[in-house]
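Enquirer:
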Amino acid sequence: SPSDPDLVERARAAKEKLGDKVFVLGHHYQRDEVIQFADVTGDSFKLARDAAARPEAEYIVFCGVHFMAESADILTGDDQKVVLPDLAAGCSMADMATAEQVAECWDVLTEAGIAEQVVPVSYMNSSADIKAFTGKHGGTICTSSNAQRALEWAFEQGSKVLFLPDQHLGRNTAVRDMGMSLDDCVVYNPHKPNGGLTAEQLRDAKMILWRGHCSVHGRFSMDSVNDVRERIPGVNVLVHPECKHEVVAAADYVGSTEYIIKALEAAPAGSKWAIGTELNLVRRLANRFAPEDKEIVFLDKTVCFCSTMNRIDLPHLVWTLESLAEGNLVNRIEVDRETEQFAKLALERMLALP
Ligand code: 13P
Ligand code: SF4
41 SPSDPDLVER ARAAKEKLGD KVFVLGHHYQ RDEVIQFADV TGDSFKLARD
91 AAARPEAEYI VFCGVHFMAE SADILTGDDQ KVVLPDLAAG CSMADMATAE
141 QVAECWDVLT EAGIAEQVVP VSYMNSSADI KAFTGKHGGT ICTSSNAQRA
191 LEWAFEQGSK VLFLPDQHLG RNTAVRDMGM SLDDCVVYNP HKPNGGLTAE
241 QLRDAKMILW RGHCSVHGRF SMDSVNDVRE RIPGVNVLVH PECKHEVVAA
291 ADYVGSTEYI IKALEAAPAG SKWAIGTELN LVRRLANRFA PEDKEIVFLD
341 KTVCFCSTMN RIDLPHLVWT LESLAEGNLV NRIEVDRETE QFAKLALERM
391 LALP
């Protein structure tokens with residue numbers, strides 16, 4: 041929908057007043073009305089890497105979700121303040137693994153006698169607490185663009201991986217990209233005693249997958265894939281690795297949001313694409329490439345935005361920028377020192393992956 045011209049002008053004026061004091065980052069799932077004000081756009085890896093690109097900026101306004109803002113705080117200078125325009129912009133997947141649950145899981149692995157062989161690999165989509173747990177236990181963070189390299193690194197450190205919190209990214213990477221079998225994977229359910237697993241199952245597994253998922257990507261099904269292939273002959277199915285294993289196995293291409301954009305940039309005119317990821321991004325791509333005659337459709341028939349990404353809208357951005365321009369620091373995201381120290385260790389291991 042077209043943005044309110046009055047709000048656009050207010051955001052522009054406040055940003056201009058702030059000048060070099062503000063650095064605005066925007067994740068690819070953000071609304072068009074917000075993304076137009078981003079100095080840098082990216083997938084979660086690129087945004088983590090680029091967060092520290094402007095050490096002179098006093099404020100980093102993160103248009104994305106809570107775990108991304110926490111990661112930016114961890115990776116930037118102590119005098120830089122990270123701001124999330126709406127504090128309710130969380131991620132339901134990240135909420136599926138709490139510090140208490142993960143500590144309990146580690147006890148279960150210790151009881152089963154395998155903790156020493158296990159290396160935790162945590163998806164970026166997790167709280168700073170989970171990242172700190174990961175750093176403390178010798179593990180690394182990964183994103184959807186480097187999950188395979190992170191797992192390869194982890195299997196050089198130990199013989200088993202505890203993958204948190206997205207079971208699908210863990211399974212898809214292990215099975216589709218690294219040739220492991222579905223039998224090498226077990227699912228740890230934090231709501232069941234011992235994760236719902238026997239000590240023997242834990243000892244036999246290579247990949248211990250946390251029972252978390254993304255509800256947005258969980259909506260894509262085999263029906264969505266079969267239906268679009270029937271409707272659009274010759275269509276290329278391109279999905280995010282947070283989709284279920286069967287969907288990823290049936291897709292032609294799989295990758296992060298940044299990968300999806302690059303794939304469409306490289307696609308020939310006249311090609312047809314069905315995209316399985318969040319709708320703001322798919323719509324933006326469909327509009328961008330329509331004049332080049334690339335047909336781009338959403339993989340499912342129903343609408344599916346990420347409701348928490350969508351919480352960051354133009355009114356919230358205007359309020360944030362105007363507050364900062366008036367010297368009011370609002371909605372700061374600040375990770376405590378001890379958590380930060382260990383979480384940073386895990387994030388830096390990711391940034392150092394080959
Ligand atoms: P990307 O790292 O691919 O941008 O994914 C982030 C995310 O939250 C996907 O749901
Ligand atoms: Fe979290 Fe899914 Fe939204 Fe990504 S799309 S931020 S994983 S809820």
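Using full-length UniProt numbering, read the sequence shown as starting at 41 and increasing by one per residue.
Positions of the beta carbon are idealized from the N, C-alpha and C atoms, including for glycine.
All of these numbers come straight from a predicted model, not from anything done at the bench.
Buried or exposed for Gly219, going by 16 or more other Cβ atoms inside 10 Å?
Expert: Exposed, by the Cβ-count rule.
Enquirer: Is the beta carbon of Leu339 less than 8 Å from the beta carbon of Ala307?
Expert: Cβ distance not < 8 Å, so Leu339 and Ala307 don't count as in contact.
Enquirer: Would you mind listing the beta strand (DSSP E) stretches within the segment 111-182 that are 3+ residues and don't spill past its ends, in chain order?
Expert: DSSP runs (the beta strand (DSSP E)) wholly in the segment 111-182: 121-123, 158-163, 180-182.
Enquirer: Please report the distance separating the alpha-carbon of Ala343 from that of Leu319.
Expert: According to the sequence shown, residue 343 is Val rather than Ala. Roughly 7 Å separates the two Cα atoms.
Enquirer: Would you kindly report the start and end of the unbroken beta strand (DSSP E) that includes Met247?
Expert: From DSSP, the beta strand (DSSP E) with Met247 extends over 247-250.
Enquirer: Can you round the beta-carbon distance between Leu179 and Pro160 to whole angstroms, since I take them to be within the 8 Å contact cut?
Expert: Reading off the sequence, residue 179 comes out as Gly, not Leu. The Cβ separation is near 3 Å, so the contact holds.
Enquirer: Reducing DSSP to helix, strand and coil, say where Asp206 ends up.
Expert: Here Asp206 sits in strand by DSSP.
Enquirer: Buried or exposed for Asn327, please, with buried defined as at least 16 other CB atoms from any protein chain shown within 10 angstroms of its CB.
Expert: Asn327 is exposed by the Cβ-count criterion.
Enquirer: Any heavy atom of the ligand 13P closer than 7 Å to the Cβ of Glu282?
Expert: Result yes, Cβ under 7 Å from the ligand 13P.
Enquirer: Beta carbon of Ser214, beta carbon of Asp224: below 8 Å?
Expert: Sequence inspection shows Ala at residue 214; the Ser mentioned does not correspond to that position. Contact flag set, yes.
Enquirer: For Asn186, does the three-state DSSP call read helix, strand or coil?
Expert: Looking at Asn186 - three-state DSSP - the assignment turns out to be coil, as it is neither helix nor strand.
Enquirer: Compute the Euclidean distance between the alpha carbons of Ser311 and Lys246, then round it to the nearest angstrom.
Expert: If you take the alpha carbons of Ser311 and Lys246, they lie about 39 Å apart.
Enquirer: Among all residues, which have a Cβ less than 5 Å from at least one non-hydrogen atom of the ligand 13P, and in what chain order do they fall?
Expert: In chain order, the qualifying residues are Asp83, Ser84, Thr183, Ser184, Ser296, Thr297.
Enquirer: Would you call Lys341 buried or exposed, if buried means 16 or more other Cβ atoms sit within 10 Å of its Cβ?
Expert: Looking at its Cβ environment, which holds fewer than 16 other Cβ atoms inside 10 Å, Lys341 is exposed.
Enquirer: Determine the closest residue to Glu286 out of Arg211, Asp353, Asn350, Val375, with distance taken between C-alpha atoms.
Expert: Selected option, being the one with the closest Cα: Arg211.
Enquirer: Can you name, in chain order, every residue of its own chain whose Cβ lies under 6 Å from the Cβ of Ala194, other than the five neighbours on each side?
Expert: Cβ neighbours of Ala194 beyond the five flanking positions: Val159, Val161, Val201.
Enquirer: Under a CB-based cut-off of 8 Å, is Arg324 close to chain C?
Expert: Annotation note: the requested chain C is absent from the structure, which comprises a single protein chain.
Enquirer: Within this structure, are the beta carbons of His106 and Ile272 separated by less than 8 Å?
Expert: No.
Enquirer: Thinking just about the alpha-carbon of each residue, which of Arg243, Val265, Gln207 is nearest to the one in His253?
Expert: Ranking the options by Cα distance to His253, first place goes to Gln207.
Enquirer: If you measure from the CB of Thr348, is any heavy atom of the ligand SF4 nearer than 7 Å?
Expert: Answer for Thr348: yes, Cβ within range of the ligand SF4.
Enquirer: Using the three-state DSSP reduction, which class does Leu393 fall into: helix, strand or coil?
Expert: Of the three classes helix, strand and coil, the one that applies to Leu393 here is coil, per DSSP.
Enquirer: When you compare only the Cα positions, how much space is there between Phe173 and Leu204?
Expert: The alpha-carbon atoms of Phe173 and Leu204 are separated by roughly 11 Å.
Enquirer: Suppose you measure from the CA of His356 to the CA of Leu127; what does that come to, to the nearest Å?
Expert: Cα to Cα, the separation comes out at about 10 Å.
Enquirer: Kindly give me the distance between the Cβ atoms of Leu65 and Ile100, rounded to whole angstroms, as I take these residues to be in contact under 8 Å.
Expert: Correct: roughly 7 Å between the Cβ atoms.
Enquirer: Is it right to say His67 is buried, meaning 16 or more other beta carbons lie within 10 angstroms of its own, or is it exposed?
Expert: With 16 or more other Cβ atoms within 10 Å, it is buried.
Enquirer: Provide the residue(s) that pair with Cys225 in DSSP beta bridges, ordered along the chain.
Expert: Answer is Met247.
Enquirer: Just grab the DSSP bridge partners of Cys103 for me.
Expert: Note: Cys103 sits in a beta bridge opposite Gly66.
Enquirer: Using three-state DSSP, classify Arg89 as helix, strand or coil.
Expert: In this structure, Arg89 counts as helix in the three-state DSSP scheme.
Enquirer: Taking the alpha-carbon of residue 20 as reference, which of Val123, Asp44, Thr183 has the nearest alpha-carbon?
Expert: Residue 20 lies beyond the stretch modelled for the chain, which goes from 41 to 394, so this question has no answer here.
Enquirer: What are the partner residues of Ala314, as DSSP defines its beta bridges?
Expert: Bridge partners of Ala314: Val277, Val337.
Enquirer: Run through the DSSP bridge pairs and tell me what Tyr293 is partnered with.
Expert: Partner(s): Leu278.
Enquirer: To the nearest angstrom, report how far apart Pro332 and Ser111 are at their CA atoms.
Expert: For the sequence presented, residue 332 should be read as Glu rather than Pro. Answer to the nearest angstrom: the Cα atoms are 37 Å apart.
Enquirer: For Ile248 and Val142, I'd like the C-alpha separation in whole angstroms.
Expert: Roughly 12 Å between the two C-alpha positions.
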